[in-house]
Amino acid sequence: MIKNNAALPVLDLSQLLAGGEAKQKFLKELAEAARTIGFFYLTGHGLATRQQDILQLSQQFFALPEHEKLSIQMRNSAHFRGYTKLQGELTQGKPDLREQFDIMREEPAVDLACDDSAWWKLIGPNQWPAAMPSMRSALLEWQENLSEVSVTLLRAFADVLQQPEDIFDATIADAPYTHMKLIRYPGSGDAVRRQGVGAHKDPGYLTIVAQDDQSGLEVLTDDKGWVSAAPIEGAFVVNIGELLELASNGYLRATYHRVVSPQTATERFSCAFFMAAQLNTNVPLLELPEALREEALGPASDPENPLFYQVGDNVLKGRLRSHPDVAAAHYPKFAKAG
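This is the structure:
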């Protein structure tokens with residue numbers, strides 16, 4: 082039985098959509114979550130059944146023969162799309178004990194001039210497994226579903242910051258950078274080497290995670306250390322990314338989190354969706370009212386992974402660091418730095 086975990090607040094999206102007093106209650110709870118921990122559960126989104134369908138699809142994909150998955154490995158793609166085998170991605174320089182399948186918006190590749198920024202190469206088509214022809218339409222529809230939820234939440238964050246509700250719309254209107262991962266974490270019998278994914282902050286505006294009934298996602302808190310974001314049936318886990326922290330000068334919190342691999346003979350499946358601004362824009366630096374400005378202490382940037390205001394530069398930096406094999410194959414100029 083999946084039970085509530087009181088370590089993280091639970092917010093009901095239907096209250097926001099209802100308007101009136103229910104909306105104000107939601108915004109108050111959102112502000113509290115954003116200021117204290119930067120993570121929350123989200124219910125009332127109307128996608129619980131579809132969420133289970135996507136997790137089942139994920140299990141089917143990772144059960145494919147290895148040669149089927151490797152035929153669409155990420156190394157083939159200058160756009161960082163496709164399959165990454167176990168321990169093929171790095172976090173803080175260490176391999177993650179997970180395999181994954183990455184997609185973004187389905188778009189044609191951009192013809193680059195010699196003086197164009199390298200991040201334009203991030204735009205392009207996805208790779209899809211020939212053995213699962215229905216996967217493309219299912220995941221692209223799911224990506225649209227979560228994009229709609231993300232836009233709704235972004236407008237709610239604008240309300241929390243006492244800004245016009247559409248303050249972020251211009252940064253996502255044409256082509257927001259959306260990124261989705263299907264992830265499988267196999268069990269590990271090594272009590273030391275259980276880095277499903279190492280401690281990190283997410284680089285975008287916000288992240289929405291659907292997870293199965295296996296725990297593993299952990300959030301770093303100020304007062305309790307690492308706490309479990311254990312699954313709640315039908316709920317998403319949502320967290321604030323570095324772009325929102327940067328835009329609000331630290332009023333909104335991007336929080337370190339990690340995944341600890343399950344024990345031997347158990348596996349964990351999740352689907353993570355990341356919403357960022359479009360690549361060709363800069364992070365908007367919001368003019369907060371005085372009361373909020375006094376509480377905004379500035380973004381907590383990692384000196385080993387500095388934040389860039391230009392969104393494309395920020396996204397490419399992260400991709401190069403995480404996937405040195407793709408960097409070497411398609412970005413040789415940056416491979417050493419990545």
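The C-terminal position of the sequence shown is numbered 419 in the numbering used here, with every residue numbered one higher than the one before it. Cβ coordinates follow ideal geometry from the N, Cα and C atoms, glycine included.
Three-state secondary structure (DSSP) of residue i
{"i": "N395", "result": "helix"}
{"i": "V364", "result": "coil"}
{"i": "M261", "result": "strand"}
{"i": "I135", "result": "helix"}
{"i": "A316", "result": "coil"}
{"i": "L349", "result": "Leu is not the amino acid found at residue 349; the sequence shown has Arg there. In this structure, R349 counts as strand in the three-state DSSP scheme."}
{"i": "Q96", "result": "helix"}
{"i": "P90", "result": "coil"}
{"i": "L193", "result": "coil"}
{"i": "P405", "result": "helix"}
{"i": "E376", "result": "coil"}
{"i": "A291", "result": "strand"}
Distance between beta carbons of residue j and residue i, contact taken as under 8 Å
{"i": "L367", "j": "L235", "result": "Actually they are not in contact, since the Cβ atoms of L367 and L235 sit about 12 Å apart, beyond 8 Å."}
{"i": "L325", "j": "F182", "result": "With a Cβ gap of about 26 Å, L325 and F182 do not count as contacting."}
{"i": "G279", "j": "Q344", "result": "No, G279 and Q344 are not in contact; Cβ-Cβ is about 19 Å, not under 8 Å."}
{"i": "G119", "j": "T336", "result": "4 Å"}
Proximity below 8 Å, CB of residue i to CB of residue j
{"i": "E323", "j": "P370", "result": "no"}
{"i": "R265", "j": "F355", "result": "no"}
{"i": "M185", "j": "V407", "result": "no"}
{"i": "L108", "j": "D240", "result": "yes"}
{"i": "M261", "j": "Q224", "result": "yes"}
Residue i beta carbon near the ligand ZN (any heavy atom closer than 7 Å)
{"i": "G127", "result": "Among the components of this structure there are no ligands whatsoever, and the ligand ZN is therefore not found."}
Inter-residue Cα distance where the pair is residue i and residue j
{"i": "V96", "j": "A103", "result": "Looking at the sequence shown, residue 96 is not Val but Gln. Going by the C-alpha atoms only, they are around 5 Å apart."}
{"i": "L373", "j": "L221", "result": "38 Å"}
{"i": "V230", "j": "A358", "result": "15 Å"}
{"i": "G297", "j": "R402", "result": "24 Å"}
{"i": "G306", "j": "D197", "result": "44 Å"}
{"i": "E188", "j": "I204", "result": "7 Å"}
{"i": "G39", "j": "T130", "result": "In the structure as shown, the chain begins at 82 and stops at 419. Residue 39 is therefore absent and cannot be evaluated."}
{"i": "A251", "j": "G101", "result": "26 Å"}
{"i": "N330", "j": "W200", "result": "25 Å"}
{"i": "Y122", "j": "P413", "result": "40 Å"}
{"i": "D192", "j": "V340", "result": "38 Å"}
{"i": "R217", "j": "E376", "result": "44 Å"}
Taking 8 Å as the cut-off, does the stretch 94-114 touch the stretch 138-157 (at least 3 CB pairs, one atom from each stretch)? Contact annotation: the stretch 138-157 does not touch the stretch 94-114, with fewer than three C-beta pairs closer than 8 Å.
Pair every Cβ in the stretch 209-219 with every Cβ in the stretch 314-323, then say whether three or more of these pairs are closer than 8 Å. With a cut-off of 8 Å, the stretch 314-323 and the stretch 209-219 do not count as touching, because too few Cβ pairs lie within range.
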